[in-house]
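Asks: The working numbering applies: residue 1204 is where the first sequence begins, and numbers increase by one.
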Amino acid sequence: MDLYERVIELSRRRGFLHPSFEIYGGLGGFYDWGPRGARLLENVLDLWRQLYVVEEGLMEVSTPTIMPRRVFEASGHLEGFVDPMVDCEGCGRSFRADHLVDNHVDLVADSLSNEELQEVIDGEELGCPECGGPLSEVYDFNLMFGTTVGPGRGQEAYMRPETAQGIFVAYPRLYRYARERLPFGAVQVGRAYRNEVSPRQGVIRLREFTQAEVELFVDPEEKVHDGFDRVSHRKLNLLSSGKQLDGEAAERRSLREAVDEGDLQNTLFAYHLHVVDRFLTALGIPEGDLRYRQHLPDERAHYAADCWDAEVNLDRFGWVEVVGLADRTDYDLSRHSGHSGRDMSALRPLDEARESTVRRVEVDMSSLGPRLREDASPVVERLNERAAAGEVDGGDVSVEVEGSTRVVRGEEYEVVEEVERVRGETFTPHVIEPSYGVDRAVYAMLEKAFRSEEVEERERRVVSLPRALAPVPVAVLPLTDDAEMRHVSSEVARRLRGNGFVVEVDTSGNIGRRYRRQDEIGTPLVVTVDQVTVDPESEGHRTVTLRSRDSMEQVRVGLEEVEASVLRFVQDGADLAEIGE
RNA sequence: GCGGCCAUGGUCUAGUGGUAGGACUUCAGCCUUCCAAGCUGAUAGCUCGGGUUCGAAUCCCGAUGGCCGCACCA
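#1: Excluding the 5 residues flanking aspartate 1775 on each side, which residues of the same chain have their C-beta closer than 7 Å to its C-beta?
#2: Return the residue from the list Arg1689, Tyr1639 and Pro1674 that minimises the CA-CA distance to proline 1238.
#3: With contact counted as at least three CB pairs below 8 Å, one residue from each stretch, are the segment 1707-1724 and the segment 1763-1782 in contact?
#4: Could you tell me which of Trp1511, Val1323, Tyr1255 and Met1347 sits nearest to arginine 1272, measuring between CA atoms?
#5: Tell me whether phenylalanine 1387 sits in a helix, a strand or coil according to DSSP, three-state version.
#6: Could you tell me which residues DSSP puts in a beta bridge with threonine 1731?
#7: Distance, Cα to Cα, valine 1257 vs threonine 1631?
#8: By DSSP's criteria, phenylalanine 1412 is part of a beta bridge. Which residues make up the other side?
#9: Helix, strand or coil, according to DSSP, for leucine 1346 in the structure here?
#10: Straight-line CA distance for glutamate 1756 to glutamate 1514?
#11: Buried or exposed, going by whether 16 or more other CB atoms sit within 10 Å of the CB of methionine 1204?
#12: How far does the alpha helix (DSSP H) with proline 1375 in it extend, from its first residue to its last?
#13: Ignoring anything shorter than 3 residues, give me the beta strand (DSSP E) runs that lie fully in the segment 1446-1534, in order along the chain.
#14: Beta-carbon separation of valine 1634 and valine 1604 under 8 Å?
#15: What do you get for glutamine 1368, buried or exposed, if any count of 16 or more other CB atoms within 10 angstroms of its CB means buried?
#16: Please report how far the alpha carbon of aspartate 1778 lies from the alpha carbon of phenylalanine 1772, in whole angstroms.
#17: Kindly identify the DSSP beta-bridge partner or partners of aspartate 1235.
#18: Just checking my contact of leucine 1517 with alanine 1395 at CB under 8 Å: how many whole Å lie between their CB atoms?
#19: Closest to glycine 1279 by C-alpha separation, out of Lys1651, Arg1698 and Phe1371, would be which residue?
#20: What span of residues does the beta strand (DSSP E) with arginine 1358 cover, start to end?
#21: Just to check my reading of the structure: alanine 1415 and leucine 1672 have Cβ atoms closer than 8 Å, yes? What is that Cβ distance to the nearest angstrom?
#22: Is it the case that the segment 1397-1417 contacts the segment 1447-1461, given that we only count it when at least three CB pairs across the two stretches are under 8 Å?
#23: Taking buried to mean at least 16 other C-beta atoms within 10 Å of its own C-beta, is serine 1601 buried or exposed?
#24: Quick one: residues in its chain with C-beta nearer than 6 Å to the C-beta of glycine 1393, no 5 flanking neighbours on either side, listed in chain order?
#25: For glutamine 1497, collect the residues of the same chain with a Cβ closer than 6 Å to its Cβ; drop the 5 residues on either side in sequence, then sort them by chain order.
#26: Would you identify the three-state DSSP class for alanine 1549, choosing helix, strand or coil?
#27: Tell me whether aspartate 1554 sits in a helix, a strand or coil according to DSSP, three-state version.
#28: Helix, strand or coil: which one does DSSP assign to methionine 1288?
#29: Quick check on valine 1341: does DSSP put it in helix, strand or coil?
#30: With distances taken between CB atoms, is the gap from glycine 1487 to leucine 1668 smaller than 8 Å?
#31: From which residue to which residue does the alpha helix (DSSP H) around arginine 1272 run?
#32: Start and end of the beta strand (DSSP E) containing valine 1634?
#33: What residues in its chain sit with their C-beta under 6 Å from that of arginine 1585, if we drop five residues either side in the sequence?
#34: What does the alpha-carbon distance come out to for the pair glycine 1404 and valine 1666?
#35: Can you tell me whether DSSP reads serine 1265 as helix, strand or coil?
#36: Answer with buried or exposed for glutamine 1391, where buried requires no fewer than 16 other C-beta atoms within 10 angstroms of its C-beta.
Rendered as structure tokens:
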């Protein structure tokens, strides 16, 4: 059994994670987070929100998972989220049609339509590269799940393949809420859907998954973060595209150095790489199993200016992308603006409003209108242009309109001068996007927390999750099945729950068995109520033991100090020894 | 989507054309009283759908799921 299998087996058994729809045989690419897993996921998302919503001050939104066709026409997913495929009618293998054409013809097949690909395949008489058999027609395989809204034929709609689009389409309102000042950012946590061709890698490749995305709207001329100096000394394992092409490994470098040497394009991007790193490190991913890899030029989406993936080294799958950080430029807003006709720009205020004098004409339309009829409007337009250029002086003017010459008499118009104040210039913001695959992150967390050791010739499995993120932060166990111990235990549990802790009370089986159970669900601290606790004659009356998951050490504390001790241990990361003093 | 291998209680597994077994877990009781101890008992299983057969968990076909290889991964 490899590590992945061991982690999945424990996850199934202990309620972290299991295949969905099991009673009906399951379905590839769908997993349930069970009672422990769902808590863990929520705790991880709370941490994520702490970083982005609380500390970075970004606004969180929540938008539908189903969106009408037009959204994806604009985003490019309808067209671009497809792969042109052909199947071999001999051996049944499937191939990317464009790759096939690329390999045989000196063309950039990316830009070809399916019809053009078909023509090339027919013209070159291409067959199956494996068996030489005949090929099917070129067809599109779109990775979006389609549906309809409303009865009958309804309206064509799709499940979102990323949460980002919901933010982009709401941009005009979000910009207002940000009081029309850049930079600002919106985040969203939610499900996204991709009809993967082959979701083979268990929980690493899901058809429905949890995404947490950040969209930072910035002035393309101001891709800076004023907090960068605070974090610029931090070192990350960076693997630039240049290094990859040279066959080199990632190198631990400071963000400052990477920016100075041009591997990272700006301090905004670098700063957010650091936020990603803080998050993944807080999940307990060791530095050595974490690297930041820049996309190679041909790997990057065509609209992205730059893209780095945070990758975690997993036992079975190797380096797996968990977070993508992309500079999407103005692609998304420009596309949605173009398709919707809505203004998706922002204003860059000038230090001082620029004033300029504009000359235009005021025309007596009651005279000009009846006289020139349909030529009147174009004539006025031309007249205004010429007035602005200072070419009219108030006398009669001849204007060319569609080949004929019309005259505007001096008494029919007047040149006026107006002062126009320009407060700023408009532009389409750029988007910097950190995008998290939360399920992958949580799996990585479980794998890195999983530990197995021999204790007295028996295997002890421990899930050493970060204390504050564990699904059950503390358990209360009566040492034996004694009425008084039980009573005190439930009292302790009640008080801990009153402090906001999820508490498990377990009274079944001997104490060792129960400790092992808590070890496997990752409970960092166990409170044990024993004989001494309930014995008024004993010196330790009204004290309990605290037992640490990671060291298996125990200390005694008074019943009255339990809540404070648990808080210090779980939330502040205090040592057990110092709590026991 | 293709090919190969596979599918037995919660978990890990044995098994065979004729009553499905073990280990661990879980639950109850006894015992024990700080790290999966012991004893007794209990719950719980042949992925699903067809076919062959007197009889199918076993053989055949299909579906679903898993693993490996190919392909795919905006």
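Note that CB positions come from ideal geometry on N, CA and C, so glycine has one too.
Replies: On the basis of the supplied data:
#1: none
#2: Pro1674
#3: no
#4: Met1347
#5: Reduced to three states, the DSSP call for phenylalanine 1387 is strand.
#6: Its beta-bridge partners are Leu1680 and Thr1748.
#7: So the two alpha carbons sit approximately 27 Å from each other.
#8: Ala1395
#9: In the structure shown, leucine 1346 sits in coil (DSSP, three-state: anything other than H, G, I, E or B).
#10: 35 Å
#11: exposed
#12: For proline 1375, the enclosing alpha helix (DSSP H) covers residues 1374-1380.
#13: 1454-1457, 1493-1497, 1509-1517 and 1521-1532
#14: Cβ atoms of valine 1634 and valine 1604: not closer than 8 Å.
#15: buried
#16: 7 Å
#17: His1221
#18: The Cβ separation is near 21 Å, so there is no contact.
#19: With distances taken between CA atoms, glycine 1279 lies nearest to Phe1371 out of Lys1651, Arg1698 and Phe1371.
#20: Checking the displayed sequence, the identity of residue 1358 turns out to be glutamine instead of arginine. Residues 1358-1362.
#21: Contact doesn't hold; Cβ gap of about 15 Å is too wide.
#22: no
#23: exposed
#24: Thr1366
#25: Ser1443, Ser1444 and Trp1511
#26: strand
#27: strand
#28: When DSSP states are grouped into helix, strand and coil, methionine 1288 belongs to the strand group.
#29: Note: valine 1341 maps to coil in three-state DSSP.
#30: For glycine 1487 and leucine 1668, yes; Cβs fall inside 8 Å.
#31: Looking at the DSSP string, the run of the alpha helix (DSSP H) that includes arginine 1272 is 1272-1278.
#32: Run containing valine 1634: 1633-1640, per the beta strand (DSSP E) assignment.
#33: Val1602
#34: Note that residue 1404 corresponds to glutamine in the displayed sequence, not to glycine. Distance between the alpha carbons of glutamine 1404 and valine 1666: 22 Å.
#35: DSSP places serine 1265 in coil when its eight states are reduced to three.
#36: buried
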